[in-house]
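Chains as they are written, first to last, in this note's numbering: chain A, 26 to 165; chain B, 29 to 675.
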């Protein structure tokens, strides 16, 4: 909790400087493929599908396909150019995970840290089956 | 003066909650009749005082009284009046005051109108309601006082998050809160019945309208929240599996299961323990949701204040109430007999199956929502999003939808599959026909494909219970069920179509040029500056025409708010019967061209129409139940009057 004064100070500085920072951001044009689609509809669809499963790291629970944040735009540009170069979507995801960590991908894969996400649903299926079986066995 | 009045009313209300708790508790013993007689009036006055306190807060915001800290932090004199008022609950303290007000009013309403419960259970229920209320009064008074004054009045307020300056905020939080907190009544009923061990069909009949009412508001709140996110966030998404959205979905899932379970208890005196359990779980999910949203664990447009102390406070309340209720359940569940029996092919069995499925879905949503928070505590950050929730949820949703189509056709207690073979074959044929037709004609994902075909089967099956019945004699509650189940099918169809057939165009367009999306042609004819009371904007004038038809004008905006400074997009929508055109104007590309984001979303509106149908189904059922109760009550009192006259 010792960070709070620091963060508060940062926010204060940001608020004071807000008009100029906003202007600075505006003056930087977004990367070409941030707001432009690929010409090949199939490639664009593949890029879109991938972008919907990547997290915008600057936003709250939004994918990079749903965000106006400059960083999301840059990431969209990355995804589209790489897809256009013929890279496999899962390779792009792996590359982004390597760069930003697991956090960037909305599609968790089974790993040391995520196995409960997959084990618990299996357990739920089992429990549901047992509950139903016990309930109906006695009635039959 | 107004702030002090509000605070005083709040303290008095808390004191009355304490009185209500004591009265309810002592009423459990014999010979405390005088004290017990206080419980009902205490509940009613408590409700009025809380409402008065909330009214005072509204007045403070309406006047923009900048000597009050909450107003200075969250309002601004230049805001339109409607957003000044809605801003009263667009912040942490105000929204918690709204929460406690709704809870106190719900308690007052039970005290005023509920007459069916045995007196001891009623007193235990009122006591439980007061016990939960007290915790939230303490939270409000000790760590979130909305009426705190500033030492020096502020010169100007800091304003309200522009995303919240929308007509949606006027309705969304109160609707959702009535739903969330309405479930506290079910919780108190369940605790009351556990304490007195009186879990009977009459108990379920008494509880059902309250659950129905809360469930209707939850349904509407979620539906409206989803539509609001859809048009306000500017990217055409309607559900993000955001923890805050999940926080509202979880109580809904539990309440849906509870509603069906209570129906079985009311009609057949079965599933006693199950109903009690769901009553506890439903409100627990409301509280978990509040904890997630209000503790500052999540940063989102809903988390107004990031304050770890408050989070700890809510967490303690949460463990007391949920832990306590579950402990009580564990101790008493063994003594609550299971109730009547039924066979595998019966309506009860179908309802049990779907309650298990709903509980499993609830488990998945809870897991996916909490897991990233748990790992974050160990410095491992993972994201759980649609690629997880959709397929894993579908494992339970698909069987649930199938049983949902069949269940209402079955009779209570014991039935045979042979009797309902014809409607089952019809619904299954429709499902499979759509499945193969879509598979042959287009290439869409497996989940939208399943959704699309099941929606047809379910839509047909949802009307089957009307077959061979005299429609004019049919109880309103049955009509309600048919409508709500049909609403699920409608909503499912919309979701599947949106997911499978949406088209997107991002284009940089010069003035005078046009872009295409699906069957639409969109021409940018002008970009002009415009202004509102607390924002300036660039407004694009788009002439849009569907399939070469007559063009019409829409005006999406890119708004800049100045207090606080923030940019938002105001999308422009064109709604047709078969879908929606969604248009957003972005920045200038630097070379005189403007960024347009366009979507054609076939049948997307059905998602929300379906939600409204589901809620209307609930309303019909509620009216039906209440009319029945009134009839029964008047028959009873007339009978009593006649007996008296004869005597």
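From the three backbone atoms N, C-alpha and C, an ideal C-beta is built for every residue, glycine too.
How many angstroms separate the CA atom of residue 408 of chain B from the CA atom of residue 125 of chain A?
Locating residue 408 of chain B in the second chain gives position 380, counting from the first residue. Locating residue 125 of chain A in the first chain gives position 100, counting from the first residue. Residue 408 of chain B and residue 125 of chain A: Cα-Cα distance of roughly 12 Å.
Selected residue, minimal CA-CA separation from residue 298 of chain B, among B:440, B:511, B:47, B:149:
For the purposes of this step, residue 298 of chain B is taken as residue 270 along the second chain, with counting starting at 1. Among B:440, B:511, B:47, B:149, the Cα nearest to that of residue 298 of chain B is on B:440.
Would you call the CB atoms of residue 345 of chain B and residue 163 of chain B closer than 7 Å?
Position 317 of the second chain holds residue 345 of chain B. Position 135 of the second chain holds residue 163 of chain B. For residue 345 of chain B and residue 163 of chain B, yes; Cβs fall inside 7 Å.
Sorted by chain position, which residues of the same chain lie with C-beta nearer than 7 Å to residue 241 of chain B's C-beta, five sequence neighbours on each side aside?
The sequence position of residue 241 of chain B within the second chain is 213, counting from 1. Counting only Cβ-Cβ distances below 7 Å, and skipping sequence neighbours, we find 210, 650.
Please classify residue 671 of chain B: is it buried, with 16 or more other beta-carbons within 10 angstroms of its beta-carbon, or exposed?
Residue numbering aside, residue 671 of chain B sits at position 643 when the second chain is read from its first letter. Exposed, by the Cβ-count rule.
Nearest-angstrom Cα separation, counted from residue 75 of chain B out to residue 29 of chain B
Along the second chain, read from residue 1 onward, the residue named residue 29 of chain B stands at position 1. Along the second chain, read from residue 1 onward, the residue named residue 75 of chain B stands at position 47. Whole-angstrom Cα-Cα distance: 22 Å.
Which word fits residue 90 of chain A, buried or exposed, when buried means at least 16 other C-beta atoms lie within 10 angstroms of its C-beta?
The count along the first chain starts at 1 and reaches residue 90 of chain A at position 65. When all chains shown are included, residue 90 of chain A counts as buried.
Within this structure, are the beta carbons of residue 613 of chain B and residue 528 of chain B separated by less than 7 Å?
Stepping through the second chain from its first residue, residue 613 of chain B is reached at position 585. Stepping through the second chain from its first residue, residue 528 of chain B is reached at position 500. In this structure, residue 528 of chain B does not lie closer than 7 Å to residue 613 of chain B by Cβ.
Give the range of the beta strand (DSSP E) segment to which residue 622 of chain B is assigned.
The residue given as residue 622 of chain B occupies position 594 in the second chain. Run containing residue 622 of chain B: 622-630, per the beta strand (DSSP E) assignment.
Counting contacts by CB-CB distance shorter than 7 Å, is residue 62 of chain A in contact with chain B?
As a position in the first chain, residue 62 of chain A is number 37, starting the count at 1. Yes, residue 62 of chain A lies at the interface with chain B (some Cβ there is under 7 Å from its Cβ).
Taking all protein chains shown into account, decide if residue 358 of chain B is buried (16 or more other Cβ within 10 angstroms of its Cβ) or exposed.
Within the second chain, the letter at position 330 stands for residue 358 of chain B. It is exposed - the Cβ of residue 358 of chain B has fewer than 16 other Cβ atoms within 10 Å.
Does chain A have any CB closer than 7 Å to the CB of residue 415 of chain B?
The sequence position of residue 415 of chain B within the second chain is 387, counting from 1. Yes, its Cβ sits closer than 7 Å to a Cβ of chain A.
With distances taken from CA atoms, which of B:284, B:539, B:113 is nearest residue 198 of chain B?
In the second chain, residue 198 of chain B corresponds to position 170, counting from 1. Measuring from the Cα of residue 198 of chain B, the nearest candidate turns out to be B:113.
Quick one: which chain B residues come within Cβ less than 8 Å of residue 156 of chain A?
As a working mapping, residue 156 of chain A is identified with position 131 in the first chain. 384, listed in chain order.
I need the DSSP call for residue 124 of chain A, collapsed to helix, strand or coil.
As a working mapping, residue 124 of chain A is identified with position 99 in the first chain. Note: residue 124 of chain A maps to helix in three-state DSSP.
Residue 399 of chain B: contacting residues in chain A (beta-carbon distance under 9 Å):
By one-based count along the second chain, residue 399 of chain B stands at place 371. Here the neighbours are 133, 139, 141, 142, 145.
Cβ-based contacts, 8 Å cut-off: residues of the stretch 65-81 of chain A near chain B
73, 77, 78, 80
Counting contacts by CB-CB distance shorter than 7 Å, is residue 159 of chain A in contact with chain B?
As a first step, residue 159 of chain A must be located in the first chain, where it is residue number 134. Chain B contact via Cβ: absent.
Residue burial classification, residue 476 of chain B (beta-carbon count within 10 angstroms, cutoff 16)
What you label residue 476 of chain B is simply residue 448 of the second chain in a count that begins at 1. Classification for residue 476 of chain B: buried.
Residues that residue 403 of chain B contacts on chain A, provided the C-beta gap is smaller than 7 Å
Locating residue 403 of chain B in the second chain gives position 375, where the first residue counts as 1. Under the 7 Å cutoff, chain A gives 138.
Going by the DSSP bridge assignment, what does residue 590 of chain B pair with across the sheet?
Locating residue 590 of chain B in the second chain gives position 562, where the first residue counts as 1. Residue 590 of chain B pairs with B:593.
Let me know the alpha helix (DSSP H) ranges lying completely inside the stretch 224-311 of chain B, each 4 residues or longer, listed in chain order.
229-261, 271-296
How many whole angstroms separate the CB atoms of residue 149 of chain A and residue 421 of chain B, which I take to be in contact at a CB cut-off of 8 Å?
Here residue 149 of chain A refers to the residue found at position 124 of the first chain. Here residue 421 of chain B refers to the residue found at position 393 of the second chain. At roughly 11 Å, the Cβ-Cβ gap does not stay under 8 Å, so residue 149 of chain A and residue 421 of chain B are not in contact.
Which of the three DSSP states is assigned to residue 502 of chain B in this structure?
On the second chain, residue 502 of chain B is found 474 positions in, with the first residue counted as 1. The answer is coil: DSSP assigns residue 502 of chain B none of H, G, I, E or B.
Is the shortest distance between the beta-carbon of residue 263 of chain B and the beta-carbons of chain A less than 7 Å?
Locating residue 263 of chain B in the second chain gives position 235, counting from the first residue. Judged by the 7 Å Cβ criterion, residue 263 of chain B is in contact with chain A.
Own chain residues within Cβ distance below 7 Å of residue 750 of chain B, not counting five before or after:
Outside the displayed span of chain B (29 to 675) sits residue 750 of chain B, for which this structure offers no information.
According to DSSP, residues forming a beta bridge with residue 613 of chain B:
Walking along the second chain from the start, residue 613 of chain B turns up at place 585. Residue 613 of chain B pairs with B:624.
With a cut-off of 7 Å, does the C-beta of residue 339 of chain B fall near any C-beta of chain A?
Taking the second chain and counting its residues from 1, the one referred to as residue 339 of chain B is at position 311. So, not an interface residue.
Under a Cβ-count criterion, where at least 16 other Cβ atoms within 10 Å of its own Cβ denotes burial, should residue 107 of chain B be classed as buried or exposed?
Residue numbering aside, residue 107 of chain B sits at position 79 when the second chain is read from its first letter. By the 10 Å Cβ count, residue 107 of chain B comes out buried.
Sort out for me which residues DSSP pairs residue 571 of chain B with in a bridge.
Sequence index remark: in the second chain, residue 571 of chain B carries index 543 (1-based). Answer is B:551, B:581.
Relative to the C-alpha of residue 1 of chain A, which candidate in A:160, A:100, A:137 has its C-alpha closest?
There is simply no residue 1 of chain A to check, as chain A begins at 26 and stops at 165 in what is shown.
For residue 277 of chain B, tell me which candidate among B:246, B:307, B:395 has the shortest Cα-Cα distance.
For the purposes of this step, residue 277 of chain B is identified with residue 249 of the second chain, where counting begins at 1. Residue 277 of chain B has its Cα closest to that of B:246, out of B:246, B:307, B:395.
Shorter than 7 Å from the beta carbon of residue 127 of chain A to some beta carbon of chain B?
Translated into positions along the first chain, residue 127 of chain A becomes position 102. Interface residue, yes.
If you compare alpha carbons, which of B:545, B:586, B:137 is closest to residue 576 of chain B?
Numbered from 1 along the second chain, position 548 holds the residue referred to as residue 576 of chain B. Here the closest residue by C-alpha is B:545.
Segment contact flag, the stretch 617-630 of chain B with the stretch 542-556 of chain B, C-beta cutoff 8 Å, min 3 pairs:
yes
If you measure between the beta carbons of residue 469 of chain B and residue 386 of chain B, is that distance less than 7 Å?
Numbered from its first residue, the second chain carries residue 469 of chain B at position 441. Numbered from its first residue, the second chain carries residue 386 of chain B at position 358. No, Cβ-Cβ distance for residue 469 of chain B and residue 386 of chain B is not below 7 Å.
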